[in-house]
Amino acid sequence: MDRVAPSLELSGSLGVVGGPPGRPDRDRAVAVASDRSLQSGRQPIRFANHTSYPAKIGDVLQDSVALSPQISQVQVDRLDALYRLTDRLYRARSLSDVFDAALDAVTVTLGCRRASILLFDAAGTMDFVAWRGLSDNYRRAVRGHSPWTPEHHEAQAIYVVDIDDTDESEAVKAAVRGENIRGLAFIPLMAQGLVVGKFMAYYESPRIFADYERDLAITIARQVGFAIERARAEEARRKFEADLRESEERFRLMSEHAPVMIWMSDASGRCLHLNRMLREFWGVADDKVDSFDWRVTMHAEDVDRIGRETWDALLRRAAVQLHGRYRNADGEYRILQTDARPRFSPDGEFLGMLGVNLDVTERERADAQRELLLAELNHRVKNTLAVVQAIAHQTFRGDAARAEAQAFEGRLLALAAAHNHLTQAHWENAALEEIVADTLQSRGDHKERVHVSGGKVLLKPKAAVAIAMALHELGVNALKYGALSNDAGKVELAWMPAGEGGLLRLVWREQGGPEVAAPTRRGFGSLLLQRTLAQDLGGKVDLVYAREGVHCVIDIPAAMVSAF
Amino acid sequence: MNALAGKRILLVEDEAMIAVMVEQMLGELGAEVVGVASNLDQALALCATVVCDAAVLDVNLGGAAVFPAAEVLARRGIPVVFATGYGHSVIGPQHLCHVIEKPYTRDRLARALAAALPSQLLPSP
Chain E
1 MDRVAPSLEL
11 SGSLGVVGGP
21 PGRPDRDRAV
31 AVASDRSLQS
41 GRQPIRFANH
51 TSYPAKIGDV
61 LQDSVALSPQ
71 ISQVQVDRLD
81 ALYRLTDRLY
91 RARSLSDVFD
101 AALDAVTVTL
111 GCRRASILLF
121 DAAGTMDFVA
131 WRGLSDNYRR
141 AVRGHSPWTP
151 EHHEAQAIYV
161 VDIDDTDESE
171 AVKAAVRGEN
181 IRGLAFIPLM
191 AQGLVVGKFM
201 AYYESPRIFA
211 DYERDLAITI
221 ARQVGFAIER
231 ARAEEARRKF
241 EADLRESEER
251 FRLMSEHAPV
261 MIWMSDASGR
271 CLHLNRMLRE
281 FWGVADDKVD
291 SFDWRVTMHA
301 EDVDRIGRET
311 WDALLRRAAV
321 QLHGRYRNAD
331 GEYRILQTDA
341 RPRFSPDGEF
351 LGMLGVNLDV
361 TERERADAQR
371 ELLLAELNHR
381 VKNTLAVVQA
391 IAHQTFRGDA
401 ARAEAQAFEG
411 RLLALAAAHN
421 HLTQAHWENA
431 ALEEIVADTL
441 QSRGDHKERV
451 HVSGGKVLLK
461 PKAAVAIAMA
471 LHELGVNALK
481 YGALSNDAGK
491 VELAWMPAGE
501 GGLLRLVWRE
511 QGGPEVAAPT
521 RRGFGSLLLQ
531 RTLAQDLGGK
541 VDLVYAREGV
551 HCVIDIPAAM
561 VSAF
Chain A
1001 MNALAGKRIL
1011 LVEDEAMIAV
1021 MVEQMLGELG
1031 AEVVGVASNL
1041 DQALALCATV
1051 VCDAAVLDVN
1061 LGGAAVFPAA
1071 EVLARRGIPV
1081 VFATGYGHSV
1091 IGPQHLCHVI
1101 EKPYTRDRLA
1111 RALAAALPSQ
1121 LLPSP
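Read top to bottom, the protein sequences are chains E and A.
The working numbering numbers the first residue of the first sequence as 1 and each following residue consecutively.
The working numbering numbers the first residue of the second sequence as 1001 and each following residue consecutively.
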């Protein structure tokens, strides 16, 4: 829209500048004449922007315009409208209250029948939020029409004397004329220094705006802008509070219905909140949580320890994990595992602890049961091995079979020893170190002649048994024919990761023993080494009867190793 | 092996085949088996009465633990070697001293018994 920038001095300019020639319209007449009540004030009231106020207008016009008592009443009405606006904005409970009050003030003070308020919506489109006397068609046609964008810091009011005198598009002009509008005022509404919208005044005839009207318009705009800002802040606060309430309620519900026990204590360890599951566990009524003392439910044997750990956590304001027995509502002791964390206010004050209890009674019972079963199984296996040993003992009685009997017993014991290690680790894995120590322990006399080196490696059960048997065979062979069969020989056993893919390499190297000749017959030992290891483990065995001593390299695939 | 020569040993073992083998092992070691029990009742009776230098007790006697019999021997001041398939963890700390795991060799048995028996190098008080 065309900006009618120069402020119109009413003195002698009525009907000359901007407006169409002819008789001043009603509004102008009112504007001019309303000064009657103030005409005795000789000095014009000046404001910072040097706008002249009605006193001056009165001075200027007193000779040329006849003033009537009714007009002075209009002036009073305008002041009254401003007071009323201030009061209503002060009391406004919502944005629509603000708009209502603003439209009343605009129509009365700017002497128009029609007015509207538009605000930028979320998409930045200037849209009608309140109006008087405008058709739907008109609002649709000019919606989004704005001299300003939401980024504007400085926005000046725009006064259009006559829409026909502007550069607006024919479409806009047609819409405005179609609504029987000629004169318009665009007054920006500011909030927090930015344009948030505008209010509009509409006139059926061309309209010239007096300075004091412009000041009134600005005054109304500032008040409304501030009220909008306040109402929006209030709305945001209400929404925030509602969100907070909703979120608190949501968390309360989650806590109430969680399948674990949740509690909250103050800084001294007293109960502030117990969720449904925990109230039911202890049989605490909803309204008795404050006075409930959980400490009396502790098992007598746990009181000292849990009390100490709890106090320590409260004093250090630190997270704590507890494990103990508590008496439930049925008088039964249950094992609860507690995980508690300190709570702090936003400014760092220690508020107490927030904890979760898990009833692990069944789980621990099942664990114990499993332990028992495993121990029982191990016992049976070992007993059976002992029976097998006893049978062999009887079968191979007599000196002729003595060597075979001993070889058999050695293998049986190697197997049993590997089982032992596996049982201790619940048949999950066995440490290679321990298997080696065990196998070499049976030839303890030669300890200083066997050099062992290698890091910590956990073998899977199948590998553990196979390696134990293999090492047993190598050891027995060394003792009978190899490096341990004389006084000078040495054995070196080492393991290390080999190549890519987590392969484990075991190297057995004998030195200093009697000169080695490859055996003429493939005994059980080499069969076990080359067949069992290679086949069962999918590994690779390289057994060389070198002249200086037996040299055996065993590669164990990563799949057979639990951890390096 | 000399340490066991002539020693009187009480054997508690519920597996007959194993009992025979252990008897033979002890015989080979020069010791004398003065009684064999295969259940807890027999064990309690023998432990209370048999005169012996040491006892080899199987921990699990057909589901019953041998410990009451061990208590009887302990009161009589008779040293004990436990033989078990359970491993050390099942036996309480008061019994921790002499435990051998089944199956065991004759040498292992000999070492355990020698360790359990009061040292003969020390003069009696």
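Quick reminder that beta carbons are idealized off the backbone N, C-alpha and C, glycines included.
Backbone secondary structure at residue i - three-state DSSP
| i | result |
| --- | --- |
| Glu1101/A | strand |
| Thr107/E | helix |
| Ile556/E | strand |
| Ser255/E | helix |
| Gln511/E | strand |
| Pro44/E | For Pro44/E, the pLDDT reaches just 42, beneath the cut-off of 50, and the residue's location in the model is therefore unreliable, although a value from the coordinates is still provided. Pro44/E falls in the coil class under three-state DSSP. |
| Ala425/E | coil |
| Asp121/E | coil |
| Phe408/E | helix |
| Tyr545/E | strand |
| Asn378/E | helix |
| Phe99/E | helix |
Residue-chain proximity (residue i, chain E), Cβ-Cβ < 7 Å
| i | result |
| --- | --- |
| Glu1015/A | yes |
| Gly1085/A | yes |
8 Å Cβ cut-off: residues of chain A touching residue i
| i | result |
| --- | --- |
| Ile391/E | Met1017 |
| Ala464/E | Chain A residues near Ala464/E: none, gap ~16 Å exceeds 8 Å. |
| Val387/E | Glu1015, Met1017 and Ile1018 |
Interface flag, residue i vs chain A, CB-CB below 7 Å
| i | result |
| --- | --- |
| Leu594/E | Residue 594/E lies beyond the range of chain E shown here (1 to 564); nothing can be said about it. |
| Leu358/E | no |
| His379/E | yes |
| Ala418/E | no |
| Leu479/E | no |
| Lys382/E | yes |
Through-space distance from residue j to residue i, alpha-carbon basis
| i | j | result |
| --- | --- | --- |
| Leu82/E | Glu151/E | 29 Å |
| Gln337/E | Ser94/E | 52 Å |
| Val381/E | Ala483/E | 34 Å |
| Leu1173/A | Gly475/E | Because chain A is modelled from 1001 through 1125, residue 1173/A falls outside the range shown and cannot be assessed. |
| Ala175/E | Cys112/E | 19 Å |
| Ala33/E | Arg182/E | Caution is warranted here: a pLDDT of 34 is assigned to Ala33/E, below 50, making its placement in the model unreliable, and the coordinate value is therefore given only provisionally. So the alpha carbons of these two residues sit roughly 22 Å apart. |
| Arg1108/A | Ala1114/A | 10 Å |
| Ala221/E | Arg245/E | 35 Å |
| Gly352/E | Glu235/E | 34 Å |
| Pro461/E | Ala1005/A | 41 Å |
| Pro497/E | Ala1003/A | 47 Å |
| Ile554/E | Ala470/E | 10 Å |
| Thr109/E | Glu213/E | 8 Å |
| Gln394/E | Gly513/E | 35 Å |
| Arg449/E | Lys1007/A | 35 Å |
| Leu529/E | His551/E | 12 Å |
| Val196/E | His153/E | 10 Å |
| Leu267/E | Asn328/E | First, the residue type needs correcting, since residue 267/E is Ala and not Leu in the sequence shown. Taking the straight line from one Cα to the other gives about 24 Å. |
| Leu1117/A | Val1081/A | 10 Å |
| Glu1032/A | Leu458/E | 44 Å |
| Met264/E | Lys239/E | 28 Å |
Within 7 Å, strictly: CB atoms of residue i and residue j
| i | j | result |
| --- | --- | --- |
| Val160/E | Leu194/E | no |
| Glu510/E | Gly549/E | yes |
| Ala1070/A | Leu1057/A | yes |
| Ala985/A | Val1034/A | As shown, chain A starts at 1001 and ends at 1125. That puts residue 985/A outside it, with no answer to give. |
| Gly1063/A | His379/E | no |
| Ile335/E | Val360/E | yes |
| Ala417/E | Leu385/E | no |
| Gly454/E | Trp427/E | no |
| Leu1026/A | Cys1047/A | no |
| Leu533/E | Ala466/E | yes |
| Met261/E | Leu272/E | no |
Amino acids of chain E, ordered along the chain, whose beta-carbon sits closer than 8 Å to that of residue i
| i | result |
| --- | --- |
| Val1066/A | Per Cβ cutoff of 8 Å: no residues; Val1066/A is ~13 Å from chain E at best. |
Cross-chain neighbours of residue i in chain A, by beta carbon under 7 Å
| i | result |
| --- | --- |
| Glu409/E | Thr1105 |
Closer than 9 Å at the beta carbon, the chain A residues around residue i
| i | result |
| --- | --- |
| Leu412/E | Pro1103 |
Chain-ordered chain E contacts of residue i [CB-CB under 7 Å]
| i | result |
| --- | --- |
| Asn1060/A | His379 |
Contact test: residue i Cβ vs the ligand GTP heavy atom, cutoff 6 Å
| i | result |
| --- | --- |
| Met1021/A | Summarising the ligand content, the structure contains no ligands, and the ligand GTP is consequently not present. |
Taking a Cβ distance cut-off of 8 Å, strictly less, list which residues of the segment 1031-1052 of chain A are near chain B, in chain order.
-> In summary, chain B is missing from the structure at hand, where the protein chains are E and A.
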